[in-house]
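Numbering (our numbering), first residue to last: 39 to 462. In this text, a Cβ means the ideal position worked out from N, Cα and C, and glycines have one as well.
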Ligand code: AMP
Ligand code: GLY
């Protein structure tokens, strides 16, 4: 079979890597891909938002199924466009993807279906939003409604911070139309976890739990990023808690959407805050997490091609999905300066030394070729991902591999998964 992966980050490298292990897969294409992905897939130069061109390509190459990595093509309707042409594609329609593309939609939906989440109010008027803030105690969380590449959420500790966030979104319009409305919600205190499931709209199969590290510096300091590292499993998600998450959050979400006439197919990601043992939804994503996908797929023992076909054919209940008992840790190597300004084009040295390192996979995120060398080409550059009998052994192995890799201005967190270790 032939498959196309949409996207070009670490998550898409992990998806292509897992697909490449299926004995049913003969050929993988990736649009646009990156230097690492090009070792296992043919990277194609089509704009991932040019759906007509992608459909022409898929028909011309007789591609059996397409797997979408990032949220933007989903929000813009790639699944709707492909399905109209009778093409198989893994992901939700743009209407279903509103769970991620509109925080107002997601919050109102959760309220309608009694899904636990922080109390909130929605505003389009700056003066009313400011007035509301004055009546609330701090900290609070202010979120732009639409997609803002992870930059539209502000956890504010004082009134000045709150007013500047509101001004940035509603007056200066730094997020454009994505900031037409804001959600102002209570700040939840607890431990975060990422919980993803595969679903065909009726059957739901949970993935292994994971935990992300959003802040750029050690000890969760500095600005939020797309994610500086992740590990799986997340010890905070016990078996009992997983059952509560399924019953109180995941089933009500998929079933609630269906009761509103929306069939959700693909991957649903719930970003959770676990407060005194109870899960609350911070956000929904309509796709796999990055970097959570890297450690989670390292632990998948099923065949991702079979799972993808089962999702699109609406027979996920027959799919065989097992998770390894091992633990996995991914440490992101980023360009110095990320998530703000950073330079690109630095040669990445040492990749050959870790090639073939047992239990380690180097997932590429922002990489490219220049003069036959692999160079940096983004904020997040590589995700060094290791698997082991425990979080500690996986983590030690990942950091050991990192010791061999270098590029100018390289930055990474030294405390990935320490919280899991400290739990014992
Ligand atoms: P989101 O994109 O909505 O997940 O928000 C990004 C990050 O902001 C989350 O991973 C949390 O660290 C933080 N956050 C979002 N909403 C809340 C909340 N209600 N209480 C506390 N922290 C939050
Ligand atoms: N790592 C968080 C996300 O993918 O949204």
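Between the segment 132-141 and the segment 272-281, can you find at least three pairs of beta-carbon atoms closer than 8 Å?
no
Please list the terminal residues of the continuous beta strand (DSSP E) segment that includes residue 232.
For the purposes of this step, residue 232 is taken as the residue at position 194 of the chain shown. From DSSP, the beta strand (DSSP E) with residue 232 extends over 229-237.
Compare the C-alpha of residue 262 against each of 417, 214, 297 and 212 and name the closest.
Reading the chain shown from its first residue, position 224 is the one you call residue 262. It is 417 whose Cα lies nearest to the Cα of residue 262.
Does the beta-carbon of residue 323, which I'm using as the reference point, lie nearer than 7 Å to any heavy atom of the ligand GLY?
Position 285 of the chain shown, counting from 1, holds the residue named residue 323. Under cutoff, so the answer is yes.
Anyone know if the C-beta pair for residue 237 and residue 306 falls short of 8 Å?
As a position in the chain shown, residue 237 is number 199, starting the count at 1. As a position in the chain shown, residue 306 is number 268, starting the count at 1. The answer is yes: Cβ separation under 8 Å.
Run the proximity test for residue 274: is its beta-carbon closer than 7 Å to any non-hydrogen atom belonging to the ligand AMP?
Along the chain shown, read from residue 1 onward, the residue named residue 274 stands at position 236. No.
Among 177, 65, 444 and 303, which has the Cα closest to the Cα of residue 200?
Here residue 200 corresponds to residue number 162 of the chain shown, with the count starting at 1. It is 177.
For residue 51, name the three-state secondary structure that DSSP assigns.
Locating residue 51 in the chain shown gives position 13, counting from the first residue. In this structure, residue 51 counts as helix in the three-state DSSP scheme.
Counting only C-beta atoms, is residue 165 closer than 8 Å to chain B at any point?
Of the protein chains in the structure, only one exists, and it is not chain B.
Which residues bound the beta strand (DSSP E) around residue 181?
Walking along the chain shown from the start, residue 181 turns up at place 143. Its beta strand (DSSP E) spans residues 178-182.
I need the boundaries of the alpha helix (DSSP H) containing residue 141, first residue and last residue.
One-based indexing of the chain shown puts residue 141 at position 103. Segment 141-150, the alpha helix (DSSP H) holding residue 141.
Helix, strand or coil for residue 253 per DSSP?
The residue given as residue 253 occupies position 215 in the chain shown. Looking at residue 253 - three-state DSSP - the assignment turns out to be strand.
Have a look at the DSSP bridge pairing and note the partners of residue 70.
Your numbering for residue 70 matches position 32 in the chain shown. Residue 70 is bridged to 45.
On the three-state DSSP scale, how would you describe residue 302?
Position 264 of the chain shown holds residue 302. Of the three classes helix, strand and coil, the one that applies to residue 302 here is coil, per DSSP.
How would you call residue 249, buried or exposed, if buried means at least 16 neighbouring beta carbons within 10 angstroms?
Here the question's residue 249 lines up with position 211 in the chain shown. By the 10 Å Cβ count, residue 249 comes out buried.
contact_flag[the segment 367-378, the segment 289-300] where n(CB pairs < 8 Å) is 3 or more
no
Element boundaries [beta strand (DSSP E), containing residue 408]
Here residue 408 refers to the residue found at position 370 of the chain shown. Taken as a continuous stretch (DSSP letters only), the beta strand (DSSP E) holding residue 408 covers 405-408.
In chain order, which alpha helix (DSSP H) runs of at least 4 residues are fully inside the segment 365-407?
389-392
For the putative contact between residue 326 and residue 266, defined by C-beta atoms under 8 Å, what is the C-beta separation to the nearest angstrom?
Translated into the one-based positions of the chain shown, residue 326 becomes position 288. Translated into the one-based positions of the chain shown, residue 266 becomes position 228. That belief does not hold up - the Cβ atoms of residue 326 and residue 266 are roughly 17 Å apart, past 8 Å.
With a threshold of 7 Å (Cβ to nearest heavy atom), would residue 50 be considered close to the ligand GLY?
To locate residue 50, count along the chain shown from 1; it is residue 12. Not so, every heavy atom of the ligand GLY lies at least 7 Å from the Cβ.
Please return the same chain residues whose Cβ sits closer than 7 Å to the Cβ of residue 391, not counting the five positions on each side in sequence.
In the chain shown, counting from the first residue as 1, residue 391 sits at position 353. So the qualifying residues of the chain are 442.
So, under 8 Å CB-CB, residue 309 and residue 223 are touching, yes? Tell me the CB distance rounded to an integer number of Å.
Position 271 of the chain shown, counted from the first residue, corresponds to residue 309. Position 185 of the chain shown, counted from the first residue, corresponds to residue 223. No, residue 309 and residue 223 are not in contact; Cβ-Cβ is about 13 Å, not under 8 Å.
Would you tell me roughly how many angstroms separate the C-alpha atoms of residue 124 and residue 117, rounded to the nearest one?
Residue 124 sits at position 86 when you count from the first residue of the chain shown. Residue 117 sits at position 79 when you count from the first residue of the chain shown. Cα to Cα, the separation comes out at about 10 Å.
Contacts around residue 51, its chain only, beta-carbon distance under 6 Å, and the 5 residues preceding and following it disregarded:
Working through the chain shown from its first residue, we reach residue 51 at position 13. Cβ within range, chain order: 74, 75, 401 and 402.
Here's a check: name, in chain order, each residue in its chain whose Cβ is nearer than 6 Å to the Cβ of residue 334, leaving out the five neighbours to either side.
In the chain shown, residue 334 corresponds to position 296, counting from 1. 245, 246, 248 and 270, listed in sequence order.
How about residue 48 and residue 285: are their beta carbons less than 8 Å apart?
Here residue 48 refers to the residue found at position 10 when the chain shown is read from its first residue. Here residue 285 refers to the residue found at position 247 when the chain shown is read from its first residue. Not a contact, by the Cβ cut-off of 8 Å.
Alpha-carbon spacing of residue 408 relative to residue 393, whole angstroms:
Sequence index remark: in the chain shown, residue 408 carries index 370 (1-based). Sequence index remark: in the chain shown, residue 393 carries index 355 (1-based). For residue 408 and residue 393, the distance between alpha carbons rounds to 20 Å.
Kindly indicate the opening and closing residues of the alpha helix (DSSP H) around residue 331.
Locating residue 331 in the chain shown gives position 293, counting from the first residue. Its alpha helix (DSSP H) spans residues 331-336.
Using the Cβ count rule (16 or more neighbours within 10 Å means buried), how would you classify residue 323?
The residue labelled residue 323 in the question sits at position 285 within the chain shown. Label assigned to residue 323: buried.
Among 46, 342 and 425, whose alpha-carbon lies nearest the alpha-carbon of residue 110?
As a first step, residue 110 must be located in the chain shown, where it is residue number 72. It is 46 whose Cα lies nearest to the Cα of residue 110.
Specify the secondary structure class of residue 111 as computed by DSSP and reduced to three states.
Reading the chain shown from its first residue, position 73 is the one you call residue 111. In this structure, residue 111 counts as helix in the three-state DSSP scheme.
Quick check on this structure: which residue in 127, 113, 63 and 60 has the alpha carbon closest to the alpha carbon of residue 93?
In the chain shown, counting from the first residue as 1, residue 93 sits at position 55. Nearest of 127, 113, 63 and 60 to residue 93, Cα basis: 127.
Contacts around residue 142, its chain only, beta-carbon distance under 7 Å, and the 5 residues preceding and following it disregarded:
For the purposes of this step, residue 142 is taken as residue 104 along the chain shown, with counting starting at 1. Contacts found: 160, 183, 219 and 221.
Rounded to the nearest angstrom, what separates residue 360 and residue 343 at their Cα positions?
Here residue 360 corresponds to residue number 322 of the chain shown, with the count starting at 1. Here residue 343 corresponds to residue number 305 of the chain shown, with the count starting at 1. Cα-Cα distance, rounded: 14 Å.
Tell me whether the beta-carbon of residue 432 lies closer than 8 Å to the beta-carbon of residue 365.
Reading the chain shown from its first residue, position 394 is the one you call residue 432. Reading the chain shown from its first residue, position 327 is the one you call residue 365. Yes, these two residues count as a Cβ contact at 8 Å.
Secondary structure of residue 423, DSSP reduced to three states
As a working mapping, residue 423 is identified with position 385 in the chain shown. Three-state result, residue 423: strand.
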